[in-house]
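In our numbering, the protein residues as written are 167 to 722.
Right, here's the structure in full:
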């Protein structure tokens, strides 16, 4: 079969004005970025705000494995399948980060015949949104250090600065650094560090903002440091709000592209799901709901991470009510969760499949806890046997979720028709009773305990001494009445990436709680999760190239 890049390059794309016209977006509401990409004015939402919303479908998955699951591919394929059966659908996705693209994970534009295009642009610089976020974030860091250098009128304690710098790259050497060296003229020496850009609070804010005004207010409320008297110092105290908003005036507008079958796609915002909230922007989702009958969105990694945050954070803030969730799994991945090594996944193994099914079982339960009906999409591989597939059909039905085969990677929208029909049928026959899992006014410890026990299936939470102290300080400042954004490994329901399947009798250690006052949530760091990833021994970047005639190789 052709590579993803070859399929994407051979796709017959429509001019983006035509894609927009099919949705009812007018030409004067578009800002073109070439022939096949455009930003959409926020005026579209204002023009259509009284229109009824379409149905919202979340695509989530089991815990990822080396065998692959295909969540983004399923999202794209389902939107194309919905169009194939006569429905008006839009897919909404996150923007890929350059860090994993050049690292080990690759891009995030789907795969096979279920991709968004132009794939090369989307996986690389796209419309510059992540660059704008990086620049805004680092401008605030520069203003903060300049304030220290110019006399520190705000009485900032340099030891209590919580605003790092960011870069959209995996670079472990920048996790912990010292700035301000070289003499008095070069600033105040202090410890600093870098996070990856998609972990920036500004990325979270861009994705949660409901308007330019809301964006500005949230940016001003970001806490960057504390004074010697332990009082928070915010971006607005540094008179930074206007400049930050100015840098993001275009980035806040959703990006419109298309799939390989010309289904419209909004790709906007890119917070990671293991260290941030893992959902595309509220603006893109809400705009899509005014333009289509069905909107297919996604949340990163498994339902323990992306879906939990989608429900508890994004839907809470945006007033969204998801109508259905699709949990993506493969026979191969479930056998891996059942203990089978990667080189033996092609062999039929019902015993391992039964053991690994417990992971899928838990993710089905997790979605159902929020009152949302579930459909399971089984991404079919040629090595899957009828016994294995029939086993999954029966087990899913026992757990209150019907499973269907998805073949969108190989067949595009045609391979997603069965899934599309099942999703529509589920929405029509099982009304959603969505509700968040916890009250944001619960104590920090109560919220954390509920997530760990209800969503992860653990026994409880262990708090480090540092974390206990931070929680008391947060409560003293009155900043505790916000949702929780868990930073946790994606590979396990627990905080230990080696515990596959459905582990039991475990506790999750929370080592740190950070305040994201602009995003309006608290970030709880568990295990050894890093906010600046590193590159693998052989980075994907080593195999990428472009020929003299523009042919790209190695990008996936």
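Cβ coordinates follow ideal geometry from the N, Cα and C atoms, glycine included.
_So, at 8 Å on beta carbons, what are the nonlocal neighbours of residue 521 in its own chain, with the 5 sequence-adjacent residues on each side left out?_
503, 504, 505, 667
_With 16 other Cβ atoms within 10 Å as the buried cut-off, status of residue 713_ = exposed
*Provide the residue span of the alpha helix (DSSP H) that contains residue 266, from first to last.*
264-268
*Quick one, are the C-beta atoms of residue 683 and residue 653 less than 8 Å apart?*
no
*Mind the definition here: the region 438-446 touches the region 613-621 only if three or more C-beta pairs lie below 8 Å; say whether that holds.*
With a cut-off of 8 Å on Cβ pairs, the region 438-446 is not in contact with the region 613-621, counting fewer than three such pairs.
*Looking at the unbroken beta strand (DSSP E) that takes in residue 188, where does it start and where does it end?*
Residue 188 -> not in any beta strand (DSSP E); alpha helix (DSSP H) instead, spanning 182-189.
*With DSSP collapsed to three states, give me the class of residue 412.*
helix
_Nonlocal neighbours in the same chain, by C-beta distance under 7 Å from residue 275, ignoring five residues either side_ = Cβ within range, chain order: 262, 281, 282, 285, 288, 289.
*Could you give the distance in angstroms between the alpha-carbon of residue 278 and the alpha-carbon of residue 530?*
27 Å
*Check the C-beta distance from residue 303 over to residue 368 and give it rounded, since I have them as a contact under 8 Å.*
5 Å
*Is DSSP giving residue 469 helix, strand or coil here?*
helix
*Decide if residue 646 is buried, meaning its Cβ has at least 16 other Cβ atoms within 10 Å, or exposed.*
Residue 646 should be labelled buried.
*asked:* Out of 181, 562, 471, 198, which one is the CA nearest neighbour of residue 425?
replied: 181
*Using the Cα positions of residue 479 and residue 459, report the straight-line distance between them to the nearest angstrom.*
24 Å
*By a C-beta neighbour count over all protein chains shown, 10 Å radius and 16 as the cutoff for buried, is residue 704 buried or exposed?*
exposed
_Can you confirm whether the region 243-261 touches the region 576-593 when touching is taken to mean that 3 or more C-beta pairs between the two stretches lie within less than 8 Å?_
yes
*Kindly indicate which three-state DSSP category residue 542 falls into: helix, strand or coil?*
In the displayed model, residue 542 falls within a strand according to three-state DSSP.
_Any beta strand (DSSP E) of 3 or more consecutive residues that is wholly inside the region 401-461_ = 421-425, 430-433
*asked:* What does DSSP give as the partner residue(s) for residue 629 in the beta ladder?
replied: Bridge partners of residue 629: 676.
*Over the uninterrupted alpha helix (DSSP H) stretch that includes residue 172, give me the two end residues.*
From DSSP, the alpha helix (DSSP H) with residue 172 extends over 170-176.
*Using a Cβ-Cβ cut-off of 8 Å (strictly less than) and excluding sequence neighbours within five positions of residue 415, which residues of its own chain qualify?*
378
_Need the endpoints of the beta strand (DSSP E) that residue 206 sits in, please._
204-206
_Could you check whether residue 254 and residue 489 sit closer than 8 Å to each other, using their CB atoms as the reference points?_
Judged by beta-carbon spacing, residue 254 lies beyond the 8 Å limit of residue 489, meaning their Cβ atoms are not closer than that value.
*asked:* Quick check on the DSSP output: what are the complete beta strand (DSSP E) runs of length 3 or more inside the region 271-341, in order along the chain?
replied: 280-283, 322-327, 331-333
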